């Protein structure tokens with residue numbers, strides 16, 4: 128996989144042509160660069176080594192790069208900031224493609240504070256936009272994900288990722304894309320192609336066929352700009368966290384939340400994590416204890432928490448079987464009404480529910496400080512003060528994220544099986560792919576019904592166990608009717624055998640959810656060839672559109688293009 | 128325009144083939160049928176006469192019809208129920224096409240009461256689905272428009288129409304389409320193409336490129352089924368109606384409502400109509416008075432209300448310059464909070480605002496009955512009772528529509544310039560196209576800003592005046608950032624000169640809003656050739672997709688296909 132494709136007459140000429148476009152420092156094919164882009168949380172076997180990396184600063188350069196690519200018959204793989212962790216990271220679907228990284232195109236082209244939207248380029252990160260909105264006192268918030276401040280908004284949106292706010296279903300809050308096609312033509316969607324348009328970013332559909340959806344999870348063009356809707360700051364924001372004690376409580380929990388999601392009481396994406404998801408946010412895998420125990424066991428290879436360590440971590444973190452996290456937005460009266468509705472619904476499930484807002488956190492911080500001072504003589508007080516401080520810090524991060532301020536701490540879970548634990552300075556510059564984290568995600572969608580969540584859990588838990596992995600589960604109430612589960616396989620990437628086992632496990636989980644009809648909302652680069660087992664009309668139609676828009680197949684061959692992805696050589700799994 | 132295309136070797140053979148598929152009674156080319164389908168609210172000059180009409184009952188028949196059409200090289204024009212009034216009605220974009228009317232495909236395939244959605248065929252009308260949901264005690268509501276109970280949901284959705292409820296932005300509440308392509312292949316969008324899918328109608332995007340948008344406002348396929356999300360019945364529904372006295376109050380009104388739409392207080396589409404829109408809902412044009420006046424005037428031809436009649440109608444209807452109509456949904460507490468926010472916002476504009484719910488209407492009806500009885504001797508009481516009864520009836524219809532029960536009475540406006548007034552039995556079986564109503568719509572989208580609404584009004588009002596037409600305006604707050612204006616040209620279709628003048632006026636209005644950058648969200652068949660004045664990349668891309676999916680151009684040539692529409696012969700206008 129790490130071999131260059133040999134069909135290119137002259138990489139030297141290609142690089143020369145690219146350097147002419149972007150400057151020498153932004154067209155690179157040295158070994159270190161290629162290595163860096165070939166790192167993946169799925170392990171080196173699953174990574175692809177690019178032909179070269181080029182970093183344009185403007186659309187005109189993207190157009191010129193595409194012309195060069197067509198001339199040299201090189202495939203280009205566009206990235207925003209390349210932080211598609213757990214799904215292929217900065218790797219192309221096939222080896223030997225030319226990475227076009229758009230991180231330097233990071234202009235916030237426009238912010239309209241009255242109509243609440245921004246126009247941004249692919250390099251704009253969620254941290255950057257959040258900082259801009261704050262420092263310009265716009266009173267607007269941008270939806271953000273838990274992937275930290277340095278990740279691209281456009282990149283995530285084009286993968287149809289989702290965040291935590293009422294704008295968390297991100298693709299529904301995009302209007303007006305600008306796309307460079309393989310031909311070099313520039314396509315503006317919606318009304319944006321009318322030069323005189325006054326409504327390019329206000330009404331996504333425009334007139335005539337709506338094309339935006341085509342450019343998400345596809346390889347039909349290079350999106351160089353899009354309009355993203357921003358949320359007016361709510362007068363009142365109340366976070367709630369609820370826990371239930373037993374595994375099987377997940378079912379009633381989802382059934383209790385569904386009516387609130389359906390009737391609009393819960394306008395934001397609600398997340399439900401299992402105990403290990405909570406634990407992994409605050410601790411790394413206790414290798415020492417586990418290795419000691421494993422030595423004496425001599426059973427099948429396992430990366431699971433030994434029972435004593437598990438009990439200990441659960442006790443220390445206070446994590447229950449399931450933790451719900453959601454947020455209410457509105458006027459004081461609206462939030463009060465919503466809080467009552469959430470409280471009533473969750474009470475029926477036996478959940479313990481806590482609501483908190485900025486004021487409550489301030490109170491908590493005050494109490495922690497008081498305890499700390501008061502307890503100068505008492506270890507018990509010190510410990511309580513520290514625990515409360517931690518809780519307040521987590522609460523602050525959650526509430527900030529709900530208001531569009533990203534926080535790298537939520538990436539901690541990705542470092543669970545990293546032997547070195549969290550890197551120095553974490554979460555500053557955290558990058559799970561380059562920090563050597565082993566991580567793969569399978570993300571099936573299921574009906575928003577307790578019975579389905581329990582069925583999915585019952586389906587995948589034995590597969591994780593069989594392959595010797597702990598199961599990290601999140602269920603996100605992504606819209607009013609569907610839940611998106613994110614199942615995490617965390618592994619020690621420095622351990623080749625464990626990495627291989629993780630990949631077999633991932634494939635088994637993937638196959639199981641596909642067969643059960645819980646289909647993935649998004650897939651990693653390795654799984655793109657598995658999306659069309661039946662030679663379906665849907666994928667034939669997608670292929671015909673691809674051929675119409677990019678007849679040479681220049682852009683990202685194999686990306687959400689099952690037939691082509693299958694032809695790219697992947698190591699056999701399973 | 129009414130001539131058959133002569134390229135078909137044998138219409139007799141074609142009809143024979145069609146009859147074999149659907150049965151003789153459902154494949155028709157007799158003169159009466161062709162005449163009936165060639166009626167348009169835009170007048171006979173703007174209508175196209177089809178080659179024949181075929182009415183399949185199932186997808187398999189649609190597939191067979193397409194095979195026949197390809198073989199005979201006939202263009203097919205799919206309709207749902209053909210009630211696209213004001214935008215082309217049941218007419219194809221070009222003459223001599225084979226109308227495929229899908230009204231007989233009217234199965235409600237599935238209703239899931241837990242997850243709140245239905246799967247419907249194109250023939251399902253909003254009245255039919257509403258009745259089903261009521262009679263099965265589903266506690267679910269379907270969004271509905273003011274176009275009456277007999278109009279197709281699918282037809283309206285594919286034109287990207289909008290209704291009145293929180294699900295009024297209809298395309299956003301669709302998941303999982305089934306589409307017959309020109310080739311006869313059946314494409315299922317979203318997750319629906321995976322046979323084992325459990326989430327086909329719960330998560331529209333599926334995995335891979337999202338194709339749904341392609342099949343709205345286009346001619347890429349024949350949609351034969353779709354999943355439509357239903358709204359759980361709200362515990363509390365409160366309608367509000369607000370009025371302002373002066374034309375220029377429209378600006379502050381929109382500016383006052385925008386924050387409420389943006390922050391989610393107003394979750395449904397809010398409509399603002401001008402005085403004549405209100406008047407035309409309760410009265411027809413006073414031809415006698417106007418003709419008398421015109422005779423003595425001898426000025427330029429005008430279809431406008433003479434000033435005395437206008438004053439009289441306004442006084443009698445009580446219509447103010449602008450009337451806002453919207454609805455609040457939720458728990459009692461939520462609605463109370465929203466009501467307070469709306470009241471405060473509208474108070475700043477000087478609007479008079481009234482809220483009413485089912486209970487208030489019951490009280491009103493009681494008072495009207497009492498007045499009627501009490502006033503047996505008093506004409507004043509009788510008149511008050513009648514006026515109150517009318518008001519209650521209108522309120523009931525509005526509130527019912529907000530809860531998904533369509534009402535034909537809102538079609539009355541379409542009959543404004545019909546010489547015969549409302550037909551007997553109205554609104555039963557009302558069909559403005561076949562009832563001879565003269566009606567055309569121009570529907571520009573504008574930013575949700577008072578200044579833009581005033582600018583648009585200032586732009587179009589003189590054009591209507593110049594061509595001698597009264598201006599009927601509605602401004603609908605279609606999403607959180609955009610307003611869709613519907614500008615109505617109402618004319619006497621029995622008057623050829625007036626019809627010609629109306630078309631010139633329509634074209635002038637269309638050109639003006641296009642040039643001003645207030646672009647139409649939807650257009651009539653006559654205007655489809657005007658959508659691409661610049662030979663834009665957008666339309667080139669659309670044409671490439673069309674060629675990829677329908678290389679023979681079998682389906683609806685010209686429909687949202689400007690280059691082809693221009694080649695179809697339309698009488699010159701202007």
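Chains as they are written, first to last, in our numbering: chain A, 128 to 701; chain B, 128 to 701.
Note that the Cβ used here is the ideal one computed from N, Cα and C, for glycine as well.
If you're wondering where the values come from, they're calculated on a predicted model, not measured in any experiment.
- Annotation for residue 569(A): the continuous beta strand (DSSP E) segment containing it runs 564–569.
- Taking the C-beta atoms as reference points, residue 180(A) is found nearer than 9 Å to residue 228(A).
- CA-to-CA, the gap between residue 203(A) and residue 178(A) works out to about 9 Å.
- The alpha helix (DSSP H) runs lying completely inside the segment 179–227 of chain A and spanning 4 residues or more are 186–199, given in chain order.
- A check of alpha carbon separations from residue 548(A) across 503(A), 578(A), 497(A) and 621(A) identifies 621(A) as the nearest.
- Following the DSSP letters along the chain, one finds residue 401(B) inside the beta strand (DSSP E) bounded by residues 397–401.
- Looking only at 600(B), 168(B), 607(B) and 175(B), the smallest Cα-Cα distance to residue 162(B) is reached by 175(B).
- Within the segment 590–607 of chain B, the residues whose Cβ lies closer than 9 Å to any Cβ of chain A are, in chain order, 605, 606 and 607.
- Along the segment 618–651 of chain B, going in chain order, the ones with a CB nearer than 8 Å to a CB of chain A are 641, 642, 643, 644, 645, 646, 647, 648, 649 and 650.
- Among the residues of chain B, those whose CB is under 8 Å from the CB of residue 318(A) are 572 and 646, following chain order.
- For residue 366(A), the beta-bridge partners assigned by DSSP are 454(A) and 483(A).
- Those residues of the segment 331–357 of chain A placed with their C-beta closer than 8 Å to a C-beta in chain B are 332, 333, 334, 335, 336, 337, 338, 339, 340, 341, 342, 343, 344, 345, 347 and 356, ordered along the chain.
- A direct Cα-Cα distance of roughly 6 Å separates residue 218(A) from residue 165(A).
- For residue 355(A), there is no enclosing alpha helix (DSSP H); the residue is found in the beta strand (DSSP E) stretching over 349–356.
- Secondary structure note for residue 689(B): its alpha helix (DSSP H) is the uninterrupted segment 689–694.
- Between residue 666(B) and residue 303(A), the C-beta gap is not smaller than 9 Å, which leaves the two residues out of contact.
- Where residue 164(A) is concerned, the enclosing alpha helix (DSSP H) starts and stops at 158–164.
- Only those residues of the segment 457–483 of chain B whose C-beta falls short of 8 Å from the nearest C-beta of chain A are listed: 457, 458, 460, 461, 463, 464, 465, 467 and 468.
- Excluding residues up to 5 positions away in sequence, 149, 153, 231 and 232 lie with their Cβ nearer than 8 Å to the Cβ of residue 184(A) in the same chain.
- Around the beta-carbon of residue 454(A), 16 or more other beta-carbon atoms lie within 10 Å, marking it buried.
- Counting only Cβ-Cβ distances below 8 Å, residue 244(A) has contacts in chain B at 608, in chain order.
- For residue 653(B), the closest Cβ of chain A is not nearer than 9 Å.
- DSSP places residue 305(B) in the uninterrupted beta strand (DSSP E) bounded by 301–307.
- Exposed is the label assigned to residue 679(B), since fewer than 16 other Cβ atoms lie within 10 Å of its Cβ.
- Separation of residue 320(A) and residue 653(B) (C-alpha to C-alpha, rounded to the nearest whole angstrom) is 21 Å.
- Listed along chain B are 671, 672, 674 and 675, each with a C-beta nearer than 8 Å to that of residue 675(A).
- For residue 298(A), a Cβ of chain B is located within less than 9 Å of the residue's own Cβ.
- For the options 606(B), 627(B), 479(B) and 580(B), the alpha carbon positioned closest to that of residue 614(B) is the one of 580(B).
- A distance of 9 Å or more separates the beta carbons of residue 368(B) and residue 538(B).
- At a beta-carbon threshold of 8 Å, none of the residues of chain B lie near residue 152(A); the nearest stands roughly 32 Å away.
- For residue 471(A), the three-state secondary structure derived from DSSP is helix.
- DSSP, reduced to helix, strand and coil, places residue 252(B) within a strand of the structure shown.
- Looking at the DSSP output, residue 289(A) bridges to 296(A).
- Listed along chain B, no residue sits closer than 8 Å to residue 304(A) by beta-carbon distance, the nearest being about 11 Å off.
- Contact with chain A is absent for residue 455(B), since none of that chain's Cβ atoms lies less than 9 Å from the residue's Cβ.
- Chain-order list of chain A residues neighbouring residue 663(B): 320, by C-beta distance under 7 Å.
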